[in-house]
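Novice: Have a look at the structure that comes next, please.
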Amino acid sequence: MSLPKGAYQALEDVLGPENISDDPAITTAYSYMWLLYITHAQSGKYRPAAVVLPSSTEEIQSIIKIANRYGFNYIPVGSNLLPPTIPVRPDTIIIDPKRMNRILEIDEKNMYAVIEPYVSYAQLQAETHKVGLTITTPEAGSQVSVVANNMFQGMGGMAHKFGYNRGILSVDWVLPNGDLLKIGSRGVPNGGWFWGDCAGLNLKGLVRADTGHCGGLGMVTTMAVKLFQYPGPRIFPCEGANPTFIAKFPEDRFKIFLIDFPSKKKIGDVMYDIGHSEIGAAVHAEGANWILAADCASVEEFWERWPDFQKKWKNILAVTIAGFSSSRQVEYEEKVLMEIMKEHGGRLVDEDLYKVGYNAMGEAFRTGLSNRLYRPAGDFFVMGGFGFDSIDHTIKSSEIFWPIIEDAYKRGLFVEDTTKSDWINSYQMGHFSEVEPIVYFEHDLKAGEAFLLGYIKTITDALAKKMHPSWPLGAMNYITGPAMCNYHELVLGLKRLLDPRMTSNPGYPLPDTNPFAPPPEK
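Residue numbers for the sequence shown follow the UniProt record's numbering, beginning at 1 and rising by one.
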C-alpha cells in the first residue's frame, strides 16, 4: 500500500524525514486494534500507507490539505484506544499527535487548562493537583488523551459531582479541508480560551457527542478544558508498589462506603435519594468481575477466587464522599448517607469485601486499573450499556443486556458471571445515568462474533421497547437513526458538507451508504 506519486515527498517536506514513515515494522503496529482484532477480520488487513507525527496546528493543516490535493485518506488519533482509528481501506495515513503533548496553560483563577491532543489525564491531573485543582478522569484509564475523551463522551469517575460531557471550552479545530475554525471565545479577537459557547451558534456539538465523530470531521489540535476544586494532597497519595499499591486519601476529607442492597432496583432508588440530597462525589454500582480483577495480582489468582467471589458481590453501591469545603462536609454527608442506607434496607459490607472494593475511591479520582481488565480472559468489553438516560432507564436496560450475556456464556463463549452486577453510574447528582455490564472473552473469532452480534441486539431490543439504545458507532447509526428523529440524516449531511471528498476517516461518524439497507428490487 502506497500513497499517490509525490504525496509522500510533499508530507516529508512539511514534517521532515524523521517525522514520517512507511516502514512496515512501524505501520503494522497501527493496523491492529485491541477489540477489532477479535471481532473484525479486517483488523490488520490494511497497514497505513504512512504514519505522520506533526508538532503543530499549522503542520496538521498542511497534512490535511495535502491529503485533499492528492486524494488519500487520513485518520487523526489521540492515544489510539478507540477501535475506529485503524485503517480499513488502502491509501490511508495515520496522524499521530505524539509530539503534541504540551500543557500550554493552567489558569488557576478561571479554572481551566489549555492542552494539545496527546496530553493524558494523568499528566494534566498531576499538574493541576499542585494548585488545588483536578479533572475527572474516564474509566478508560488516565493514560488516554484528554482531548479525545472529551470529544468521545467526556465521562469520568467523578461525573456525579462534576457533570458529564461539560468539560470542553474553546477549541482550535482543523476542518476536513484544512481550514482552521476557532470555537468559543477563541473566535473573538483577544477572547482567550475561557468560554466555550460565546455569541452566535454553539458549534461544540460538532466536535463532542455520545461517541464523537471519531476523526471523521478533521482534527481538534488545541482545547481548553474545565478544571474543578480538589481538596486532596498535592501529590497523588499512593502507598505500596505495583501491583499492590493503593491510593490512601486523608480520612478527614475523603471516605468511601460500600453498601450492599437487596436488589438492583433498590440501588436505583438510593441513587435518586443521594442526588436529591446533593451529597457524594462519586456514586457507582460496581461490577463483581472488574472489582476482583483489579484486586488480583495474576490471572491464576482471579480464577481461584472468582467462583466464591460471585456469591458475595452482588448489588453493591460505592459512594465516595469528599470534603470540598471542610471536614464538616464529610461528617454531614456521611450522616445523610447512613439515613438513606437504613431507609432502603442497605448494610455496609464486611471488612474483607471492603478491602477488595476500597480501590474504587482512588479509581474515581484517577482511573488506573482499566487495562488490568484484559487479564482474566484476554479481552473484555461492555455488552451494550451506556444509554445516558434516567436511572430508571438504566435499570431497565440492564434487564435487556443480561439474557444476551447469559446465552453467550452458556455456549462457552463468555466467562460465566452469575452476579448480573453492572457498573452503574450516577451523573450530575442523579439527573441521568448509564450502565456498563462488563464481559470477558478470549481472543477467539466465535466469541468476538457473539459479542458483536449481541451488542447489535442490545440496540435493536432497546429500540423495540422504545428505549434509548446503547451507543452506536459508525454504521450502527443507520439502525438507531430512524427511531430517533432520523438524526443520522443530519449527521450524514454535515459529513458531506464538511468533508465532501470523504477523506477524513471515511465511515465516521457514519458511512456514506447504509450497509443494513435491503437490496433494491429488481
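No residue lacks a Cβ here, since even glycine has one placed at the ideal position from N, Cα and C.
Since we're looking at a predicted model, the values are computed, not measured.
#1: Report yes or no: is there a C-beta of chain D within less than 8 Å of the C-beta of N289?
#2: Keeping to the same chain, check which residues put their C-beta closer than 7 Å to that of S185; ignore five residues upstream and five downstream.
#3: Span of the beta strand (DSSP E) holding H284?
#4: Which parts of the region 112 to 158 are runs of the beta strand (DSSP E), unbroken and 3 residues or longer, counting only runs that do not cross its ends?
#5: Need the endpoints of the alpha helix (DSSP H) that G387 sits in, please.
#6: Would you list, in sequence order, the uninterrupted beta strand (DSSP E) runs of no fewer than 3 residues that lie entirely inside the region 197 to 266?
#7: Please state the DSSP three-state secondary structure of E434.
#8: For P4, which three-state DSSP category applies?
#9: Whole-angstrom Cβ separation of H344 and V270, contact assumed at under 8 Å?
#10: Look at the Cβ atom of H468, then the Cβ atom of D389, and state whether they are nearer than 8 Å.
#11: Use the C-beta contact count for A29: other C-beta atoms within 10 angstroms, 16 or more gives buried, fewer gives exposed.
#12: Could you check if R47 is buried or exposed, using at least 16 other CB atoms within 10 Å of its CB as the buried criterion?
#13: Would you call the region 402 to 418 and the region 270 to 286 touching, i.e. three or more CB-CB distances under 8 Å?
#14: Who does W471 pair with in a DSSP beta bridge?
#15: N177 bridges to which residues according to DSSP?
#16: Span of the beta strand (DSSP E) holding A29?
#17: Output yes or no for whether 8 Å exceeds the beta carbon distance between T27 and V52.
#18: By DSSP's criteria, S21 is part of a beta bridge. Which residues make up the other side?
#19: Using the C-alpha atoms, what's the distance from R366 back to I391?
#20: Would you kindly report the start and end of the unbroken beta strand (DSSP E) that includes W423?
#21: Would DSSP call A377 helix, strand or coil?
#22: Let me check understanding here. Comparing Cα to Cα, which of Q229, D295, K446, H393 lies closest to D107?
#23: Bridge partners of E105, per DSSP?
#24: Are the region 212 to 230 and the region 113 to 133 touching by the rule of at least three beta carbon pairs closer than 8 Å?
#25: Counting only runs of 4+ residues fully inside the region 277 to 336, write out the alpha helix (DSSP H) ranges in chain order.
#26: Measure the C-alpha to C-alpha separation of Y8 and L180 and round it to an integer number of angstroms.
#27: How about A288 and S79: are their beta carbons less than 8 Å apart?
#28: Assign A464 to buried or exposed, taking buried as 16 or more other Cβ atoms, counted over all protein chains shown, within 10 Å of its Cβ.
#29: Got a sec? Which residues, its chain only, sit under 8 Å from A475 by beta carbon, not counting five neighbours each side?
#30: Could you name the residues that DSSP lists as bridge partners for F441?
#31: Ordered along the chain, which non-local residues of its own chain (more than five positions away) have a Cβ less than 7 Å from that of T419?
#32: On the three-state DSSP scale, how would you describe K182?
#33: Taking the continuous beta strand (DSSP E) assigned at N73, which residues delimit it?
#34: Drop a sphere of 10 angstroms on the beta-carbon of L82, count the other beta-carbons inside from all chains shown, and report buried for 16 or more, exposed for fewer.
#35: Give me the DSSP bridge partner(s) of R99.
#36: With which residues is P504 paired in a DSSP beta bridge?
Specialist: A quick look at the data gives this:
#1: The structure shown contains no chain D, having only a single protein chain.
#2: Counting from 1 along the sequence shown, the entry for residue 185 is found at position 185. If we look at S185 and ignore the five residues flanking it on each side, its Cβ neighbours are S170, G191, G192, W193, F194, W195, C198.
#3: In the sequence shown, counting from the first residue as 1, residue 284 sits at position 284. Element bounds for H284: 282 to 285.
#4: 112 to 115
#5: Looking up residue 387 in the sequence shown gives position 387. Careful: G387 lies outside any alpha helix (DSSP H), inside the beta strand (DSSP E) at 386 to 389.
#6: 219 to 226, 254 to 260
#7: As a working mapping, residue 434 is identified with position 434 in the sequence shown. Here E434 sits in strand by DSSP.
#8: Taking the sequence shown and counting its residues from 1, the one referred to as residue 4 is at position 4. P4: coil per DSSP, three-state reduction.
#9: By one-based count along the sequence shown, residue 344 stands at place 344. By one-based count along the sequence shown, residue 270 stands at place 270. Indeed, because the Cβ distance is near 5 Å, the residues count as touching under 8 Å.
#10: Against the sequence shown, residue 468 aligns to sequence position 468. Against the sequence shown, residue 389 aligns to sequence position 389. Contact: yes.
#11: Here residue 29 is taken as the residue at index 29 of the sequence shown, counted from 1. Counting Cβ neighbours within 10 Å, A29 comes out exposed, since fewer than 16 surround it.
#12: Indexing the sequence shown from 1 puts residue 47 at position 47. Buried.
#13: no
#14: The residue you call residue 471 lines up with position 471 of the sequence shown. For W471, which the question treats as bridged, DSSP gives no partner whatsoever.
#15: Against the sequence shown, residue 177 aligns to sequence position 177. Looking at the DSSP assignment, N177 forms no beta bridge with any residue, so it has no partner.
#16: Here the question's residue 29 lines up with position 29 in the sequence shown. First-last for A29: undefined, no H or E at that position.
#17: Within the sequence shown, residue 27 is the residue found at index 27, counting from 1. Within the sequence shown, residue 52 is the residue found at index 52, counting from 1. Taking 8 Å as the Cβ cut-off, T27 and V52 do not qualify as a contacting pair.
#18: What you label residue 21 is simply residue 21 of the sequence shown in a count that begins at 1. In DSSP, S21 forms a bridge with V51.
#19: Reading the sequence shown from its first residue, position 391 is the one you call residue 391. Reading the sequence shown from its first residue, position 366 is the one you call residue 366. Each residue's alpha carbon lies about 24 Å from the other.
#20: Position 423 of the sequence shown holds residue 423. Unbroken beta strand (DSSP E) run through W423: 423 to 427.
#21: Here residue 377 corresponds to residue number 377 of the sequence shown, with the count starting at 1. A377 falls in the coil class under three-state DSSP.
#22: As a position in the sequence shown, residue 107 is number 107, starting the count at 1. Comparing Cα-Cα distances from D107 to each of Q229, D295, K446, H393, the minimum goes to Q229.
#23: As a first step, residue 105 must be located in the sequence shown, where it is residue number 105. Beta-bridge pairing links E105 to V114.
#24: yes
#25: 288 to 295, 299 to 312
#26: Counting from one through the sequence shown, the residue named residue 8 turns up at place 8. Counting from one through the sequence shown, the residue named residue 180 turns up at place 180. The alpha-carbon atoms of Y8 and L180 are separated by roughly 23 Å.
#27: Within the sequence shown, numbered from 1, the residue matching residue 288 stands at position 288. Within the sequence shown, numbered from 1, the residue matching residue 79 stands at position 79. Cβ atoms of A288 and S79: not closer than 8 Å.
#28: As a first step, residue 464 is located in the sequence shown; it is residue number 464 there, counting from the start. Looking at its Cβ environment, which holds fewer than 16 other Cβ atoms inside 10 Å, A464 is exposed.
#29: In the sequence shown, residue 475 corresponds to position 475, counting from 1. If we look at A475 and ignore the five residues flanking it on each side, its Cβ neighbours are G507, L510, P511, N514, P515, F516.
#30: Within the sequence shown, numbered from 1, the residue matching residue 441 stands at position 441. DSSP, once it has assigned bridges, lists D379 as partnering F441.
#31: Residue 419 sits at position 419 when you count from the first residue of the sequence shown. So the list reads A288, Q310, W313, K314, once near-sequence residues are dropped.
#32: If you number the sequence shown from 1, residue 182 lands on position 182. If DSSP states are grouped into helix, strand and coil, K182 belongs with the strands.
#33: Stepping through the sequence shown from its first residue, residue 73 is reached at position 73. Element bounds for N73: 73 to 76.
#34: Walking along the sequence shown from the start, residue 82 turns up at place 82. Buried is the call here.
#35: One-based indexing of the sequence shown puts residue 99 at position 99. For R99, which the question treats as bridged, DSSP gives no partner whatsoever.
#36: If you number the sequence shown from 1, residue 504 lands on position 504. The sequence given here places Ser at residue 504; Pro does not occur at that position. In the DSSP output, where bridge partners are listed per residue, S504 has Y74.
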